[in-house]
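Participant: I have a structure I would like to understand better, so I am pasting it below and will then ask my questions one at a time.
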Amino acid sequence: MQYQHHKSIFPRKSIRDVKQVADISLKANNQINISEIFITLKDYLGDEQLILLSSSLKRLHHLKEFFLDLSEIRLGDEGIGAIFKNLNSIEKVYTLYLILRYDNITEQGVWYMSQVLKKCVAVETFYLDLGGNQIGSGGLKNLTSIFQTCNNIFSLSLNLYWNDIGQQGAEIFSQSFRWFRNLQHLFLNFNRNEIGDYGVYHISEVIARMPTIRIMHLNLGLNLITDDGANFLNQSIYNSSNATEIVLNYNQNLIGRNIDLEILSIYSALKILQKVETFSISMTQNQIKSIDLFEFKKFVQYFKVLCCSKKQKFYNLKNFSLDLSQNMIDDRLMKGISHQISKHENIQFLDLNFMGNTFSYIGVKALCESIKDLYQINKLKLTLDENKIEAKGVYLLGETLKCFNNLIYLHLRIGLTFINDQVTQQLFLQLKECNKIKNLFLSLTHNQLTDQSLINLNVFLDSLPKLDSFEIDISNNLFQEKGFAFLLRCLSKCQGMIQLIINLRKNKIDDIDTSYFVKYAKKWQKLKYFLLNMKSNNLSSYLKKEVSIPIKKLPELVYYQFQC
18 MQYQHHKSIF
28 PRKSIRDVKQ
38 VADISLKANN
48 QINISEIFIT
58 LKDYLGDEQL
68 ILLSSSLKRL
78 HHLKEFFLDL
88 SEIRLGDEGI
98 GAIFKNLNSI
108 EKVYTLYLIL
118 RYDNITEQGV
128 WYMSQVLKKC
138 VAVETFYLDL
148 GGNQIGSGGL
158 KNLTSIFQTC
168 NNIFSLSLNL
178 YWNDIGQQGA
188 EIFSQSFRWF
198 RNLQHLFLNF
208 NRNEIGDYGV
218 YHISEVIARM
228 PTIRIMHLNL
238 GLNLITDDGA
248 NFLNQSIYNS
258 SNATEIVLNY
268 NQNLIGRNID
278 LEILSIYSAL
288 KILQKVETFS
298 ISMTQNQIKS
308 IDLFEFKKFV
318 QYFKVLCCSK
328 KQKFYNLKNF
338 SLDLSQNMID
348 DRLMKGISHQ
358 ISKHENIQFL
368 DLNFMGNTFS
378 YIGVKALCES
388 IKDLYQINKL
398 KLTLDENKIE
408 AKGVYLLGET
418 LKCFNNLIYL
428 HLRIGLTFIN
438 DQVTQQLFLQ
448 LKECNKIKNL
458 FLSLTHNQLT
468 DQSLINLNVF
478 LDSLPKLDSF
488 EIDISNNLFQ
498 EKGFAFLLRC
508 LSKCQGMIQL
518 IINLRKNKID
528 DIDTSYFVKY
538 AKKWQKLKYF
548 LLNMKSNNLS
558 SYLKKEVSIP
568 IKKLPELVYY
578 QFQC
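Taken in order, the sequence shown gives residues 18 to 581; the numbers are from the numbering used here.
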């Protein structure tokens, strides 16, 4: 049965001083029931403060929810020991959050922790962040020993990145899962731990034999995984329950050459999309490429698990994220990937990141054809920077996007795609059909665009009466003062904006007339967040003060920054 929070005299915000902890604990010692406490300490703790904190925590006998953040203060093993030796007060908690990253903790420090944690037999939600320490496989063994008694955990999150866990640690970790009975939500971050295929084999065994898990996130980025390790994951996930996110970024030996793998056989996990609403996989910088026709066909065969078969449709999938940035995906491979995306007809939020690949407008054409009939999309994020899509590709993209007249969120990145002012003119004319957008992000960096493109933008912005948030990155182009002035004039019509971010870094703006801000900024009466980046434009330093005057007068402004 899930624990229901009781009212507490302590407000639901973090204590940031040891003396405050002591005051609260004295109230608890005076028979006042305190069921939850949230402590965040960011300053170095000397011996006296450690003793005070430890003795104060000892008095909190009735805790049901405990949050402790002591990250980045270099506690070390002895500091951990001093705190945890009197922490028996958490033995009856239902919800436990411990954030101890970058604290110089080793195997010994984890042992101190485990002596207390193994008594927390009632805990249902357990979040532990030990990232950036040196616990090694021995520390992981100490940590997993607590699960013999704490086996009623419903939601488990372990952040153990950069801890020298290695192959042996992964094996030790996998053995501990036989004790869990009710685990449904699992978050594991083993990023940067020297884990190879042998370790992945044992982790995949965990996935395969945990039928109760409904939601899972597994981060194995920056390790030593090859195609063989990915295959282990592939087979285990294929036969398991729901998985929501798999991250294999920066495993440089994962190249997808094996015939039974080819790039994304890991996607066989997606057969479970009949049940889940959200799925995300990130595989950036893994040297993925289509090698020859035979292997490419093999890839498409595996990737089809992502889509619905003739007899089967994944009606529940609403949110889908695919990150294949910084690989070597060409037009041929793009066609295979795009074709499968088209089968998810109920997607509402689609996030595709193909930045830094090698496909041309032909690949974009395949992508556009795959998404053009996904009429339920209302949030779309497309990252196509650093590809060779050129004018033809952008035109095809615009023709597709104008059909999404229910879009309320559009995030479009087409930087370094070899386009000019004529291309942006056509694109903005096409995008004006998307007149329900409330949240808009445009990136057109590194494209040799001039002031004319900002004049073209006016057509699009005029069609967005409900725009709440606008961010534009047009750095590394050829914009001058005239174009900047016109941009401000366009934006002055968007009087309901809450957030405005403009990045004009590295253009040709030598000076700006501050009267523009006086004239136009006063129209942004609802603006809360404003950031303007004009670095590397030969602007004089006095402008920073002059520009800030009209902006700071805005009644709702919470945050303002002008970089020049």
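Here a beta-carbon is modelled for each residue, glycine too, at the ideal position from N, C-alpha and C.
1) On the three-state DSSP scale, how would you describe HIS219?
2) What separation, rounded to the nearest whole angstrom, lies between the Cα atoms of TYR144 and ASP86?
3) Pull up the CB-CB distance for SER174 and PHE204, whole angstroms please, since I reckon it's below 8 Å.
4) In whole angstroms, give me the CA-to-CA distance for GLN343 and ALA383.
5) Alpha carbon to alpha carbon, what distance is there between ASN208 and ILE182?
6) Give a yes or no on whether the C-beta atoms belonging to LEU560 and THR531 are separated by under 8 Å.
7) Mind listing, in chain order, the continuous alpha helix (DSSP H) runs of no fewer than 4 residues lying wholly within the region 362-390?
8) Per DSSP, PHE579 is paired with what?
9) Taking 8 Å as the threshold (C-beta atoms), are GLN542 and GLU573 in contact?
10) Assuming ILE107 contacts LYS158 (C-beta within less than 8 Å), just tell me the rounded distance between them.
11) Taking only runs that begin and end inside the region 72-156, name each unbroken alpha helix (DSSP H) of 4 or more residues, in chain order.
12) Name the DSSP beta bridge partners of ILE516, please?
13) Look at the Cβ atom of ASN206, then the Cβ atom of ASN176, and state whether they are nearer than 8 Å.
14) Label SER492 either buried or exposed according to how many other C-beta atoms from any shown protein chain fall within 10 Å of its C-beta, with 16 as the threshold for buried.
15) Can you give the beta carbon distance from ASN199 to PHE171, rounded, assuming they're within the 8 Å contact cut?
16) Among ASP347, ILE436 and GLN578, which has the Cα closest to the Cα of LYS552?
17) Less than 6 Å between C-beta atoms, sequence neighbours within five positions excluded: which residues of the same chain meet that for SER368?
18) Whose C-beta lies closer than 7 Å to the C-beta of ASP277 among residues of the same chain, with five residues either side of it excluded?
19) What separation, rounded to the nearest whole angstrom, lies between the Cα atoms of PRO482 and ILE515?
20) Among all the DSSP beta bridges, which residues are the ones paired with VAL440?
21) Pick helix, strand or coil for MET426, following the three-state DSSP scheme.
22) Hey, how far is the Cα of ILE68 from the Cα of LYS135?
23) Reducing DSSP to helix, strand and coil, say where ILE189 ends up.
24) According to DSSP, is SER470 part of a helix, a strand, or is it coil?
25) Taking the alpha carbon of ILE90 as the point to measure from, which residue in LEU70, ARG118, LEU80 and LEU113 has its own alpha carbon closest?
26) What is the DSSP secondary structure of HIS356, counted as helix, strand or coil?
27) Under a three-way DSSP split, which group does TRP179 fall into?
28) For THR434 and HIS202, I'd like the C-alpha separation in whole angstroms.
29) What did DSSP end up calling PHE249 once you bin it into helix, strand or coil?
30) ASP667 by DSSP, collapsed to three states: which one?
31) Can the beta-carbon of ASN374 be found closer than 8 Å to that of LYS335?
32) From what residue to what residue does the alpha helix (DSSP H) around PHE503 run?
33) Following the continuous alpha helix (DSSP H) through SER532, name the residue where it begins and the one where it ends.
Facilitator: The answer reads as follows:
1) Taking the first residue of the sequence shown as position 1, residue 219 is located at position 202. HIS219: helix per DSSP, three-state reduction.
2) Translated into positions along the sequence shown, residue 144 becomes position 127. Translated into positions along the sequence shown, residue 86 becomes position 69. In this model, TYR144 and ASP86 are separated by some 11 Å (Cα to Cα).
3) Here residue 174 corresponds to residue number 157 of the sequence shown, with the count starting at 1. Here residue 204 corresponds to residue number 187 of the sequence shown, with the count starting at 1. Rounded to the nearest angstrom, the Cβ distance from SER174 to PHE204 is 4 Å, consistent with a contact under 8 Å.
4) Counting from one through the sequence shown, the residue named residue 343 turns up at place 326. Counting from one through the sequence shown, the residue named residue 383 turns up at place 366. One C-alpha to the other measures close to 19 Å.
5) Counted from its first residue, the sequence shown places residue 182 at position 165. Counted from its first residue, the sequence shown places residue 208 at position 191. Each residue's alpha carbon lies about 10 Å from the other.
6) Taking the sequence shown and counting its residues from 1, the one referred to as residue 560 is at position 543. Taking the sequence shown and counting its residues from 1, the one referred to as residue 531 is at position 514. Cβ distance < 8 Å, so LEU560 and THR531 count as in contact.
7) 378-388
8) Within the sequence shown, the letter at position 562 stands for residue 579. Residue pairing by DSSP places PHE579 opposite LEU549 in a beta bridge.
9) Reading the sequence shown from its first residue, position 556 is the one you call residue 573. Reading the sequence shown from its first residue, position 525 is the one you call residue 542. Result yes, Cβ atoms of GLU573 and GLN542 sit closer than 8 Å.
10) In the sequence shown, counting from the first residue as 1, residue 107 sits at position 90. In the sequence shown, counting from the first residue as 1, residue 158 sits at position 141. About 22 Å separates the beta carbon of ILE107 from that of LYS158, a gap too long to meet the 8 Å contact definition.
11) 93-101 and 124-134
12) Counted from its first residue, the sequence shown places residue 516 at position 499. In the sequence on display, residue 516 carries Gln and not Ile. Answer is SER486 and TYR546.
13) As a first step, residue 206 is located in the sequence shown; it is residue number 189 there, counting from the start. As a first step, residue 176 is located in the sequence shown; it is residue number 159 there, counting from the start. Yes, the pair counts as a contact, with Cβ atoms nearer than the cut-off.
14) By one-based count along the sequence shown, residue 492 stands at place 475. That one is buried.
15) Here residue 199 refers to the residue found at position 182 when the sequence shown is read from its first residue. Here residue 171 refers to the residue found at position 154 when the sequence shown is read from its first residue. At roughly 5 Å, the Cβ-Cβ gap stays under 8 Å, so ASN199 and PHE171 are in contact.
16) In the sequence shown, residue 552 corresponds to position 535, counting from 1. Answer by Cα proximity: GLN578.
17) For the purposes of this step, residue 368 is taken as residue 351 along the sequence shown, with counting starting at 1. At residue 368 the sequence reads Asp, which differs from the Ser that was named. Closer than 6 Å at the Cβ level, and outside the excluded window around ASP368, lie SER338 and LYS398.
18) Locating residue 277 in the sequence shown gives position 260, counting from the first residue. Annotation note: pLDDT 31 at ASP277 (below 50); position unreliable, coordinate value reported separately. Contacts found: ASN248.
19) On the sequence shown, residue 482 is found 465 positions in, with the first residue counted as 1. On the sequence shown, residue 515 is found 498 positions in, with the first residue counted as 1. PRO482 and ILE515 have their C-alpha atoms some 13 Å from each other.
20) One-based indexing of the sequence shown puts residue 440 at position 423. Beta-bridge pairing links VAL440 to no other residue.
21) For the purposes of this step, residue 426 is taken as the residue at position 409 of the sequence shown. Correcting the residue type first, residue 426 is Tyr in the shown sequence and not Met. Reduced to three states, the DSSP call for TYR426 is strand.
22) Position 51 of the sequence shown, counting from 1, holds the residue named residue 68. Position 118 of the sequence shown, counting from 1, holds the residue named residue 135. Straight-line Cα distance between these residues: approximately 23 Å.
23) For the purposes of this step, residue 189 is taken as residue 172 along the sequence shown, with counting starting at 1. Reduced to three states, the DSSP call for ILE189 is helix.
24) Locating residue 470 in the sequence shown gives position 453, where the first residue counts as 1. Three-state result, SER470: helix.
25) Here residue 90 corresponds to residue number 73 of the sequence shown, with the count starting at 1. Taking only the C-alpha atoms, the option nearest ILE90 is ARG118.
26) To locate residue 356, count along the sequence shown from 1; it is residue 339. Three-state result, HIS356: helix.
27) Stepping through the sequence shown from its first residue, residue 179 is reached at position 162. It is coil, neither helix nor strand.
28) The residue given as residue 434 occupies position 417 in the sequence shown. The residue given as residue 202 occupies position 185 in the sequence shown. In a straight line, the C-alpha of THR434 is about 41 Å away from that of HIS202.
29) The sequence position of residue 249 within the sequence shown is 232, counting from 1. PHE249 falls in the helix class under three-state DSSP.
30) Given that the chain is displayed from residue 18 to residue 581, the structure contains no residue 667 and the question cannot be resolved.
31) Working through the sequence shown from its first residue, we reach residue 374 at position 357. Working through the sequence shown from its first residue, we reach residue 335 at position 318. Contact: no.
32) Your numbering for residue 503 matches position 486 in the sequence shown. Unbroken alpha helix (DSSP H) run through PHE503: 498-508.
33) Translated into the one-based positions of the sequence shown, residue 532 becomes position 515. Per DSSP, SER532 belongs to the alpha helix (DSSP H) from 532-537.
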